[in-house]
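The structure appears right after this line, and notes come after that.
2 protein chains.
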Amino acid sequence: MAMINFKDIRKKLLKGDFSGLLGLLRLNGSRKKVIIHPAEVAQIFDPLPDDTSVQAFIAFGAEQRLQVFPYLDIFLQKKIIRHLPKERASYILNEILSDDRNIFYSHLKGVELTFFLEFLNEENKKLVHDIMGYPENSVARILNTDFASVYESMTIAEASEYLRKTHEDTENVNVLYVVDKNGRLLDDIPVRRLVLNEQHKTIAEIMDGFVVTLNIADPKEEAVAKFKEYDRASLPVINKDNVLLGVVTIDDVLDVAEQTDTAAIQKFGGVEELDYPYVKTPFFSLIRKRAGWLIVLFLGEMLTATAMGYFDKEISKAVVLALFVPLIISSGGNSGSQAATLIIRAMALKELTMKDWWYVMRREILSGLLLGVILGTIGLIRISVWQELHWFNYGPQWLLVAITIFFSLIGIVMWGTLSGSMIPIVLKRFKIDPATSSAPFVATLVDVTGLVIYFTIAASILKGTLL
Amino acid sequence: MAMINFKDIRKKLLKGDFSGLLGLLRLNGSRKKVIIHPAEVAQIFDPLPDDTSVQAFIAFGAEQRLQVFPYLDIFLQKKIIRHLPKERASYILNEILSDDRNIFYSHLKGVELTFFLEFLNEENKKLVHDIMGYPENSVARILNTDFASVYESMTIAEASEYLRKTHEDTENVNVLYVVDKNGRLLDDIPVRRLVLNEQHKTIAEIMDGFVVTLNIADPKEEAVAKFKEYDRASLPVINKDNVLLGVVTIDDVLDVAEQTDTAAIQKFGGVEELDYPYVKTPFFSLIRKRAGWLIVLFLGEMLTATAMGYFDKEISKAVVLALFVPLIISSGGNSGSQAATLIIRAMALKELTMKDWWYVMRREILSGLLLGVILGTIGLIRISVWQELHWFNYGPQWLLVAITIFFSLIGIVMWGTLSGSMIPIVLKRFKIDPATSSAPFVATLVDVTGLVIYFTIAASILKGTLL
Numbered sequence: 001m002a003m004i005n006f007k008d009i010r011k012k013l014l015k016g017d018f019s020g021l022l023g024l025l026r027l028n029g030s031r032k033k034v035i036i037h038p039a040e041v042a043q044i045f046d047p048l049p050d051d052t053s054v055q056a057f058i059a060f061g062a063e064q065r066l067q068v069f070p071y072l073d074i075f076l077q078k079k080i081i082r083h084l085p086k087e088r089a090s091y092i093l094n095e096i097l098s099d100d101r102n103i104f105y106s107h108l109k110g111v112e113l114t115f116f117l118e119f120l121n122e123e124n125k126k127l128v129h130d131i132m133g134y135p136e137n138s139v140a141r142i143l144n145t146d147f148a149s150v151y152e153s154m155t156i157a158e159a160s161e162y163l164r165k166t167h168e169d170t171e172n173v174n175v176l177y178v179v180d181k182n183g184r185l186l187d188d189i190p191v192r193r194l195v196l197n198e199q200h201k202t203i204a205e206i207m208d209g210f211v212v213t214l215n216i217a218d219p220k221e222e223a224v225a226k227f228k229e230y231d232r233a234s235l236p237v238i239n240k241d242n243v244l245l246g247v248v249t250i251d252d253v254l255d256v257a258e259q260t261d262t263a264a265i266q267k268f269g270g271v272e273e274l275d276y277p278y279v280k281t282p283f284f285s286l287i288r289k290r291a292g293w294l295i296v297l298f299l300g301e302m303l304t305a306t307a308m309g310y311f312d313k314e315i316s317k318a319v320v321l322a323l324f325v326p327l328i329i330s331s332g333g334n335s336g337s338q339a340a341t342l343i344i345r346a347m348a349l350k351e352l353t354m355k356d357w358w359y360v361m362r363r364e365i366l367s368g369l370l371l372g373v374i375l376g377t378i379g380l381i382r383i384s385v386w387q388e389l390h391w392f393n394y395g396p397q398w399l400l401v402a403i404t405i406f407f408s409l410i411g412i413v414m415w416g417t418l419s420g421s422m423i424p425i426v427l428k429r430f431k432i433d434p435a436t437s438s439a440p441f442v443a444t445l446v447d448v449t450g451l452v453i454y455f456t457i458a459a460s461i462l463k464g465t466l467l
Numbered sequence: 001m002a003m004i005n006f007k008d009i010r011k012k013l014l015k016g017d018f019s020g021l022l023g024l025l026r027l028n029g030s031r032k033k034v035i036i037h038p039a040e041v042a043q044i045f046d047p048l049p050d051d052t053s054v055q056a057f058i059a060f061g062a063e064q065r066l067q068v069f070p071y072l073d074i075f076l077q078k079k080i081i082r083h084l085p086k087e088r089a090s091y092i093l094n095e096i097l098s099d100d101r102n103i104f105y106s107h108l109k110g111v112e113l114t115f116f117l118e119f120l121n122e123e124n125k126k127l128v129h130d131i132m133g134y135p136e137n138s139v140a141r142i143l144n145t146d147f148a149s150v151y152e153s154m155t156i157a158e159a160s161e162y163l164r165k166t167h168e169d170t171e172n173v174n175v176l177y178v179v180d181k182n183g184r185l186l187d188d189i190p191v192r193r194l195v196l197n198e199q200h201k202t203i204a205e206i207m208d209g210f211v212v213t214l215n216i217a218d219p220k221e222e223a224v225a226k227f228k229e230y231d232r233a234s235l236p237v238i239n240k241d242n243v244l245l246g247v248v249t250i251d252d253v254l255d256v257a258e259q260t261d262t263a264a265i266q267k268f269g270g271v272e273e274l275d276y277p278y279v280k281t282p283f284f285s286l287i288r289k290r291a292g293w294l295i296v297l298f299l300g301e302m303l304t305a306t307a308m309g310y311f312d313k314e315i316s317k318a319v320v321l322a323l324f325v326p327l328i329i330s331s332g333g334n335s336g337s338q339a340a341t342l343i344i345r346a347m348a349l350k351e352l353t354m355k356d357w358w359y360v361m362r363r364e365i366l367s368g369l370l371l372g373v374i375l376g377t378i379g380l381i382r383i384s385v386w387q388e389l390h391w392f393n394y395g396p397q398w399l400l401v402a403i404t405i406f407f408s409l410i411g412i413v414m415w416g417t418l419s420g421s422m423i424p425i426v427l428k429r430f431k432i433d434p435a436t437s438s439a440p441f442v443a444t445l446v447d448v449t450g451l452v453i454y455f456t457i458a459a460s461i462l463k464g465t466l467l
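Sequence order for the protein chains is P and R.
Letter by letter, the first sequence follows residues 1 to 467 of this note's numbering.
Letter by letter, the second sequence follows residues 1 to 467 of this note's numbering.
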């Protein structure tokens with residue numbers, strides 16, 4: 001593989017000179033030597049303005065277009081289809097692998113969907129239409145319907161002959177599916193088994209009778225889990241009558257896993273899940289995704305003002321108490337968001353289920369107690385040192401203030417840890433995604449209750465002295 | 001695939017009755033019918049006490065042990081090896097696929113590593129030793145050294161004959177590697193191409209000359225990125241002389257991707273990355289992982305007490321200002337953690353690089369301004385309504401207080417958004433993982449500066465009236 005200078009090619013492209021790129025891109029057939037992979041063309045396009053990429057793409061040959069198209073992002077794909085003469089656009093959308101086609105159409109909705117469906121021939125239109133009838137989150141949306149099937153009665157020689165006649169050299173032929181006359185799935189066979197066995201053996205003789213399947217309506221996450229569990233590179237998809245409908249391949253599943261984790265991370269950061277990458281999300285759509293949660297949290301956090309208002313007599317008597325409010329509540333929020341992170345991720349990876357709540361609770365109460373004592377001790381030392389060294393004067397009752405901080409930190413860290421660990425489990429119980437209990441969400445809840453804990457402890461310790 | 005009642009099997013196992021499980025587990029050879037997949041045995045074991053699982057495992061036949069072992073978690077694997085007679089334990093560790101073996105040993109360190117190395121024969125010991133010389137994070141640690149290689153000059157018939165004689169029916173034969181006499185990699189060929197072409201053709205004739213490779217010292221994340229980019233199920237690993245050393249398969253990479261995301265999520269939640277799943281992490285190790293960051297954040301947050309102390313005159317004159325402290329600083333923290341989440345994830349997915357800092361900054365300042373105006377307006381309305389309806393009395397200067405809150409929220413949300421988006425980029429610049437800028441970390445930074453912004457704005461608006 002020769003080193004390709006992406007920068008030079010991009011510079012040329014920006015000047016409207018496509019020769020550099022076209023020289024590299026050859027047909028990826030079994031005989032021809034290829035210098036650049038279609039995925040690398042997509043990489044070259046990525047930082048370029050869309051118009052330059054569209055122009056360069058149009059300059060490709062028909063087969064080159066077919067190869068590069070699936071690797072482009074959806075925005076560029078749509079733009080290209082709109083810019084190509086209808087006939088050429090139709091060729092691409094009809095001829096790409098069915099999983100790439102299904103994924104393209106799964107990005108579309110409403111008028112746009114109708115517009116792009118017009119590029120398909122009747123057969124493909126029907127296929128895409130069927131797929132779109134399944135939930136957005138189902139494996140149907142990433143289905144590859146171009147699979148290789150064989151019959152039990154064939155010999156290996158016959159099956160090989162049949163595959164040579166009916167199939168191109170694509171990943172679709174990596175696994176063969178054994179079906180009966182009604183299309184019902186009997187087994188899957190890796191194509192290597194045709195090479196590793198004598199040619200006269202029958203397919204029935206090399207079957208192992210064990211096949212892991214997905215149902216067409218299964219959520220994509222189910223597919224991710226099965227791929228991980230069984231270490232497969234592709235899995236057959238059946239309907240309830242066990243009829244083989246298509247195949248899901250691991251490359252599409254890898255994308256799903258990435259999207260799932262992105263959604264979880266964004267939710268945890270207190271942002272609604274983005275539909276597109278950050279750089280591709282329009283400004284006002286980004287604002288909308290953020291403002292929603294931010295407003296909810298703000299309204300929740302307003303209760304802190306109410307809570308503080310309830311204690312305003314105490315504050316005016318002992319302003320020193322106000323000084324520690326941010327320190328106290330943030331400690332609750334931080335320990336809460338730690339606990340929430342651990343539990344949410346463990347639940348997402350199925351290491352924990354709702355049934356484990358009692359185990360989690362005991363563990364987290366104990367963790368909270370220990371962590372609270374650690375922070376409380378640091379707080380106690382901090383106040384004493386500042387006071388003794390005359391860096392700040394917390395008043396004649398400084399030791400009582402320090403003790404108040406000590407016990408408040410223990411109470412609040414325990415409370416934060418407990419809330420952070422239990423909220424995801426409770427949400428799950430009510431069938432809400434546990435990741436909704438974002439770090440900011442937990443922090444807000446703990447802030448409000450934390451203030452009540454703090455001032456209550458202060459009132460009981462400082463009564464008769466400061467208060 | 002018959003439905004298997006996992007619960008019944010587990011109940012029997014707990015009573016020491018292994019017959020249910022043993023009846024299901026047959027040899028997964030090419031001829032035998034299999035009723036249960038080894039991955040499902042691991043699933044059955046998962047919720048059981050380790051001792052029960054070890055006993056059941058010991059009751060398996062030698063081949064069954066080989067198949068099930070790689071699917072078990074590292075804790076159970078270690079326990080099993082310790083409990084089996086040395087000869088049988090050695091058989092497992094020597095005969096499992098080399099990637100499974102390398103992953104097993106990659107979990108070990110120090111004395112434990114030495115102990116378990118003793119189970120290997122000289123050849124495997126040397127292989128594992130070599131692998132352990134590479135960084136923990138390199139593809140070497142997930143290397144599969146049992147690959148199938150062929151020569152250019154072979155015909156397809158000869159290559160097939162050679163494969164039948166030298167290789168078992170495993171995933172290792174899914175892709176063939178064409179090497180020269182010195183073991184240098186020339187090309188990779190999917191095994192399907194042997195079936196899809198006539199038997200008399202030579203390997204040279206069905207090569208396409210395009211091969212994507214990994215270097216033995218490449219970080220695992222590099223492998224994840226290449227698998228995603230090129231849609232492969234396995235990738236060859238070479239040294240700097242282009243000699244083929246082994247293969248990395250996608251199932252191991254999927255695990256790496258999951259671990260990487262788990263680490264990112266945990267870091268973002270303000271927890272040090274756990275080495276093992278939550279449920280398997282010992283209590284005090286869990287405390288250590290959490291206490292570190294919690295203490296750092298606590299020390300940072302102490303600056304809020306210092307900042308508040310600096311303004312204690314203002315607070316005692318206008319206690320009303322203290323009431324809004326939690327609301328103000330949490331708004332900064334929340335908007336900051338939103339921005340940090342979006343930017344960290346976009347950088348992890350390579351959608352953004354450091355070079356984009358100016359684009360991000362402009363976008364986030366504008367977002368912060370808009371989000372600040374939204375929250376500020378809500379705050380302004382809240383105070384006015386409470387005052388007008390006599391739900392709370394903010395004093396005669398309530399309108400000035402409300403205006404202070406309005407401008408403070410704009411300032412703080414802008415500041416939070418800007419910090420949250422820039423900190424990950426700055427960390428990356430200094431070669432620190434951007435995910436280290438956790439939600440709690442950003443919140444703490446914004447808390448301290450937020451207080452200064454708030455009281456400064458308050459001082460300038462309320463000077464001569466309240467202050």
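Beta carbons are placed, not taken as given, at the ideal position from N, Cα and C, and that holds for glycine.
Quantities reported herein were computed from a predicted structural model and do not represent experimental measurements.
Going by beta carbons, residue 43 of chain P and residue 6 of chain P fall inside the 9 Å limit. Under the three-state reduction of DSSP, residue 190 of chain R is assigned to strand. The beta carbon of residue 273 of chain P lies closer than 7 Å to those of 263, 266 and 267 in the same chain, with the five residues before and after it left out.
Interface annotation for the region 369 to 386 of chain R against chain P: 370, 371, 374, 375, 378 and 382, criterion Cβ-Cβ distance under 7 Å. With 16 or more other Cβ atoms from the protein chains shown falling within 10 Å of its own Cβ, residue 293 of chain R counts as buried.
Annotated as proximal: residue 257 of chain R and residue 254 of chain P, with beta-carbon spacing under 9 Å. In the three-state reduction of the DSSP assignment, residue 184 of chain R falls in the strand class, which pools E and B. Here DSSP, grouped into helix, strand and coil, assigns residue 384 of chain R to helix.
Listed as beta-bridge partners of residue 236 of chain P by DSSP are P:247. Of all residues in the region 70 to 91 of chain P, none comes within less than 7 Å of chain R when Cβ atoms are compared. Residue 390 of chain P and residue 142 of chain R have their C-alpha atoms roughly 58 Å apart. Ranked by Cα distance from residue 203 of chain R, the first of R:227, R:177 and R:222 is R:177. The beta carbons of residue 269 of chain P and residue 439 of chain P sit about 7 Å from each other, so the pair counts as a contact at 8 Å. Under a criterion of Cβ atoms nearer than 9 Å, the residues of chain R adjacent to residue 174 of chain P are, in order, 174, 190, 191, 192 and 233. Taking 8 Å as the Cβ-Cβ cut-off, the region 261 to 278 of chain R approaches chain P at 261, 262, 264, 265, 266, 268, 269, 270, 271, 274, 277 and 278, given in chain order.
Taking C-beta atoms as the reference points, residue 338 of chain P and residue 464 of chain P fail to come closer than 9 Å. Residue 66 of chain R sits away from residue 105 of chain R, with the two beta carbons spaced by 9 Å or more. Per DSSP, reduced to three states, the secondary structure at residue 53 of chain P is helical. Unbroken alpha helix (DSSP H) runs of no fewer than 4 residues, entirely contained in the region 112 to 178 of chain R, are found at 122 to 132 and 156 to 166, following chain order.
For residue 447 of chain P, the enclosing alpha helix (DSSP H) has its first and last residue at 439 to 462.
Using a Cβ distance threshold of 9 Å, residue 332 of chain P and residue 446 of chain P count as a contacting pair. In the three-state reduction of the DSSP assignment, residue 94 of chain R falls in the helix class, which pools H, G and I. Residue 310 of chain P: member of the alpha helix (DSSP H) spanning 283 to 310, first to last residue. Between the region 397 to 417 of chain P and the region 369 to 383 of chain P there are three or more C-beta pairs closer than 8 Å, enough to call the two in contact.
Interface flag for residue 293 of chain P against chain R is set, since a Cβ pair is found closer than 9 Å. Using a 10 angstroms sphere on the CB of residue 135 of chain P, the tally of other CB atoms stays under 16, which defines it as exposed. Taking a 10 Å sphere around the C-beta of residue 36 of chain R, we find 16 or more other C-beta atoms and assign the residue as buried. The three-state secondary structure of residue 215 of chain R, taken from DSSP, is strand. The C-beta distance from residue 62 of chain P to residue 21 of chain P rounds to 16 Å, too long to fall under 8 Å, and the pair is not in contact.
The distance from the Cβ of residue 152 of chain P to that of residue 186 of chain P is about 7 Å, consistent with a contact at the 8 Å cut-off. Distance between residue 423 of chain R and residue 227 of chain R, taken at the CA atoms: about 30 Å. Distances from the CA of residue 147 of chain P to each of P:378, P:351, P:163 and P:209 were compared; the closest alpha carbon is that of P:163. Chain-order list of chain P residues neighbouring residue 37 of chain R: 210, 212, 229 and 230, by C-beta distance under 9 Å. Sequence-distant Cβ neighbours of residue 83 of chain R in its own chain, meaning closer than 7 Å and more than five residues away, are 54 and 58.
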